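Student: Sharing a structure, written as structure tokens. Questions coming.
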Amino acid sequence: MASMPSIKSREIKIVQEMPISKTLKFWESLKEGKVYATKCRKCGRLYFPPSADCSECLCSDMDWVELSSEAEIETFTHIVFRPTSFCEYKPYTVAIGKLKEGVRVLAWLTGFKLSQIKVGMKVKLVAKISQEGNPTYEFVPL
Ligand SMILES: [Zn+2]
Numbered sequence: 003m004a005s006m007p008s009i010k011s012r013e014i015k016i017v018q019e020m021p022i023s024k025t026l027k028f029w030e031s032l033k034e035g036k037v038y039a040t041k042c043r044k045c046g047r048l049y050f051p052p053s054a055d056c057s058e059c060l061c062s063d064m065d066w067v068e069l070s071s072e073a074e075i076e077t078f079t080h081i082v083f084r085p086t087s088f089c090e091y092k093p094y095t096v097a098i099g100k101l102k103e104g105v106r107v108l109a110w111l112t113g114f115k116l117s118q119i120k121v122g123m124k125v126k127l128v129a130k131i132s133q134e135g136n137p138t139y140e141f142v143p144l
């Protein structure tokens with residue numbers, strides 16, 4: 003197969019600035035080890051990641067509620083071929099867990115061997131500080 007002559011471009015790093023003003027409490031709470039969701043005061047719907055507006059009843063009257071951290075794994079995937087932005091990490095597992103409160107959370111699942119991970123198993127959702135120093139959250143063994 004003939005390949006086009008080419009040169010490699012410099013590696014480009016994109017850093018996204020996320021507007022966090024309306025969800026600042028969420029990020030601040032993660033630093034304190036707490037995971038918060040928002041709950042609509044009108045219809046009671048729970049949002050995770052927190053949303054400042056309810057897409058159900060279009061209301062912006064939201065309460066902050068701390069999540070219990072009790073979760074059950076609904077599905078998971080083991081990532082061996084990492085996206086460029088994660089290439090400095092070892093292969094990792096991402097899971098969707100359903101919390102006691104009913105919301106689904108997509109997060110890394112750590113502290114398990116791949117062979118130990120099963121759909122339906124109970125895990126804990128914890129707040130942590132990422133390698134880059136950003137507040138984040140992940141699932142860990144109970
Ligand atoms: Zn609502």
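Its first residue numbered 3, the sequence shown is counted upward by one per residue in my numbering. For each residue, glycine too, the CB sits at the ideal point set by N, CA and C. Owing to the predicted nature of the structure, the values given are computational and were not obtained by experimental measurement.
Taking 8 Å as the cut-off, decide whether the C-beta atoms of Lys184 and Ala109 are in contact.
Tutor: Lying before the first or after the last residue shown, residue 184 is absent from the chain, which here runs from 3 to 144.
Student: The alpha helix (DSSP H) spanning Leu32 covers which residue range?
Tutor: By 1-based counting over the sequence shown, the position of residue 32 is 30. Its alpha helix (DSSP H) spans residues 26 to 33.
Student: Would you mind sorting Pro1 into buried or exposed? The rule is 16 or more other CB atoms within 10 Å of its CB.
Tutor: The structure shown has nothing for residue 1, since the chain only spans 3 to 144.
Student: Reducing DSSP to helix, strand and coil, say where Thr112 ends up.
Tutor: For the purposes of this step, residue 112 is identified with residue 110 of the sequence shown, where counting begins at 1. Coil at Thr112, not helix or strand.
Student: How many Å lie between Ile81 and Pro51 at the Cα?
Tutor: Reading the sequence shown from its first residue, position 79 is the one you call residue 81. Reading the sequence shown from its first residue, position 49 is the one you call residue 51. Approximately 22 Å, taken between the alpha carbons.
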